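K.L.:
When the letters of the sequence shown are read in order and numbered with our numbering, they come out as residues 110 to 315.
All residues carry an ideal CB built from backbone N, CA and C; glycine is no exception.
Remember, predicted model here, so these are calculated numbers, not experimental data.
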Amino acid sequence: LRAGDVRRFFELFRDHPQTLTLYSQGINQSSSGTDKVNAILNCHLLTGRIGKPGCGPFSLTGQPNAMGGREVGGLANQLAAHMDFANPEHGDRVGRFWQTDKLATQPGLRAVELFDAVAAGQVKAVWVMATNPAVSLPNADAVRAALGGDVFVVVSDCVRHTDTTQYADVLLPALAWGEKDGTVTNSERRISRQRAFLPAPGEARA
Numbered sequence: 110l111r112a113g114d115v116r117r118f119f120e121l122f123r124d125h126p127q128t129l130t131l132y133s134q135g136i137n138q139s140s141s142g143t144d145k146v147n148a149i150l151n152c153h154l155l156t157g158r159i160g161k162p163g164c165g166p167f168s169l170t171g172q173p174n175a176m177g178g179r180e181v182g183g184l185a186n187q188l189a190a191h192m193d194f195a196n197p198e199h200g201d202r203v204g205r206f207w208q209t210d211k212l213a214t215q216p217g218l219r220a221v222e223l224f225d226a227v228a229a230g231q232v233k234a235v236w237v238m239a240t241n242p243a244v245s246l247p248n249a250d251a252v253r254a255a256l257g258g259d260v261f262v263v264v265s266d267c268v269r270h271t272d273t274t275q276y277a278d279v280l281l282p283a284l285a286w287g288e289k290d291g292t293v294t295n296s297e298r299r300i301s302r303q304r305a306f307l308p309a310p311g312e313a314r315a
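(1) Does the contact criterion of 3 or more C-beta pairs under 8 Å hold for the region 146 to 156 versus the region 172 to 180?
(2) So residue 201 is in the alpha helix (DSSP H); what residue range does that whole segment cover?
(3) Please go through the same chain and pick out, in chain order, the residues whose beta-carbon is closer than 7 Å to the beta-carbon of residue 253, but skip the five residues on each side of it.
(4) Can you tell me whether residue 266 is helix, strand or coil according to DSSP?
(5) Nearest to residue 260 by alpha carbon, out of 289, 286, 229?
(6) Report all residues from its chain with a CB closer than 8 Å to the CB of residue 112; omit the five preceding and five following residues, and keep chain order.
(7) Name the one or two DSSP bridge partners that residue 300 has.
(8) Cα-Cα, which of 315, 248, 212, 273 is closest to residue 139?
(9) Just to confirm, is the Cβ distance from residue 266 to residue 237 under 9 Å?
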């Protein structure tokens, strides 16, 4: 990039009070993804372009309903609704809502940490659902080496042949998006009702 182009970009950012930054896996999953996302967030925070109409950073996640998955507790380092493991009140609230007293009390391993633990022999079994970590995670070569090691691998997917299914000891058929009922949450937190329009094939499950 030429210095003039970068300067012009930031002048446009500065001169327009309503600014959205849309970014996806090319930013998130690069080798310096955390630094890039922090830079985007800091630009919005420092200029007040966040938390009001027409402003803010939008992460366009690469997987369908990734936002919905996060909100119901699909992240290893957070409880549902982005609540904090370190806050006992948050754990109590989630437990009451889910009507259970059996709830994780500390964060689990994040995706990269999980495959590091697999490679180190600390995790003996993994269940991969509807994702393809053999190509989608940073340092994919290390992920493939971990999956090819001494670990029991279960993969649930609606696609028979992926870079990850070749490592599966057990391959389970999963429903595709048009074959299941549920909801999908997009990046702006809009929830859409989804109804199946195709019958479930064979023994596939959601």
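P.N.:
So, to answer that:
(1) no
(2) Taking the sequence shown and counting its residues from 1, one reaches residue 201 at position 92. Note, residue 201: alpha helix (DSSP H), 197 to 207.
(3) One-based indexing of the sequence shown puts residue 253 at position 144. Contacts found: 243.
(4) Working through the sequence shown from its first residue, we reach residue 266 at position 157. Of the three classes helix, strand and coil, the one that applies to residue 266 here is strand, per DSSP.
(5) Along the sequence shown, read from residue 1 onward, the residue named residue 260 stands at position 151. Of the listed residues, the one whose Cα sits closest to residue 260 is 229.
(6) Within the sequence shown, the letter at position 3 stands for residue 112. No residues qualify anywhere along the chain.
(7) One-based indexing of the sequence shown puts residue 300 at position 191. Per DSSP, 294.
(8) On the sequence shown, residue 139 is found 30 positions in, with the first residue counted as 1. If we check each option's Cα against that of residue 139, 248 comes out closest.
(9) Here the question's residue 266 lines up with position 157 in the sequence shown. Here the question's residue 237 lines up with position 128 in the sequence shown. Yes.
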